[in-house]
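Undergrad: Under my numbering, the first residue of the sequence shown is numbered 691, with each subsequent residue one higher.
Quick one: the structure is below, questions incoming.
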Amino acid sequence: MGAKTVVIASDHAGFALKSALKEQLQAGGYDVLDLGTDGPESVDYPDFGHALSEAIVAGKAERGVLVCGSGIGISIAANRHKGVRAANCHDETSARLARQHNDANVLALGARLVGAEVAHQCLRVFLETPFEGGRHARRVGKID
């Protein structure tokens, strides 16, 4: 696993969108490490944010995708882990800037706030956009 592997997880509210994004990743040639949830039954989003972050920190994937109802709670849980920079994005611009300026390695999306088309665009941009480095590297270095 590694550069072409993307880890993905969601709570119950994000399950349907996570499934669609997983298909997009697989169609794009990525290996997908799916950490659940595996259905619409109620679960606790922190469990999935933590599991994904542990996979990133362990080197099982360089990038991750989290989905919950708003993208907020699951990104907060993920960001508790050193080395994880989860960005809750709502459009292509926020996904691009999260990569360019913040070297975000986890894309968080809110299934109740962004439609499937926008989520797919966010994922595409998030995966294609490199970190700019330069002055941004100094700032990102201050996070940890």
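Idealized CB from N, CA, C, for every residue including glycine.
Is the Cβ-Cβ distance between alanine 741 and leucine 725 less than 7 Å?
TA: It is a contact, given that the beta carbons lie within the stated cut-off.
Undergrad: Touching or not, the stretch 714-722 and the stretch 764-784, by the rule of three or more beta carbon pairs under 8 Å?
TA: With the cut-off at 8 Å, the stretch 714-722 and the stretch 764-784 do not touch.
Undergrad: If we ignore side chains and look at the alpha-carbon of each, how far apart do histidine 791 and histidine 826 end up?
TA: Whole-angstrom Cα-Cα distance: 6 Å.
Undergrad: Going by DSSP, what residue range makes up the alpha helix (DSSP H) through alanine 809?
TA: Run containing alanine 809: 806-818, per the alpha helix (DSSP H) assignment.
Undergrad: For glutamine 811, which residues from the same chain have a beta carbon less than 6 Å from its beta carbon, with the 5 sequence-adjacent residues on both sides left out?
TA: Only Glu782 meet the Cβ criterion.
Undergrad: Which word fits isoleucine 833, buried or exposed, when buried means at least 16 other C-beta atoms lie within 10 angstroms of its C-beta?
TA: The residue in question, isoleucine 833, is exposed, as its Cβ has fewer than 16 Cβ neighbours within 10 Å.
Undergrad: In the DSSP assignment, find the unbroken beta strand (DSSP E) run with arginine 775 in it and report its ends.
TA: Counting along the chain, arginine 775 falls outside any beta strand (DSSP E), and DSSP gives it neither H nor E.
Undergrad: Measure the alpha-carbon distance for lysine 694 versus alanine 806 and round it to whole angstroms.
TA: Using only the alpha carbons, I get a separation of about 23 Å.
Undergrad: Opposite threonine 695 in the DSSP bridges: which residues?
TA: Beta-bridge pairing links threonine 695 to Asp721.
Undergrad: So which of Ala809, Gly824, Ile698 has the shortest CA-CA distance to arginine 753?
TA: Closest option to arginine 753, Cα to Cα, is Ile698.
Undergrad: Which value, in whole angstroms, describes the spacing of the CA atoms of valine 696 and leucine 715?
TA: For valine 696 and leucine 715, the distance between alpha carbons rounds to 8 Å.
Undergrad: Among residues of its own chain, excluding the 5 on either side of leucine 813, which ones have a beta-carbon nearer than 7 Å to its beta-carbon?
TA: Excluding positions up to five away in sequence, the list reads Leu711, Gln714, Val755, Leu797.
Undergrad: Out of Ala809, Arg786, Ala748, which has the shortest C-alpha to C-alpha gap to valine 822?
TA: It is worth fixing the name first, because residue 822 is glutamate in this sequence and not valine. The shortest Cα separation from glutamate 822 among Ala809, Arg786, Ala748 belongs to Arg786.
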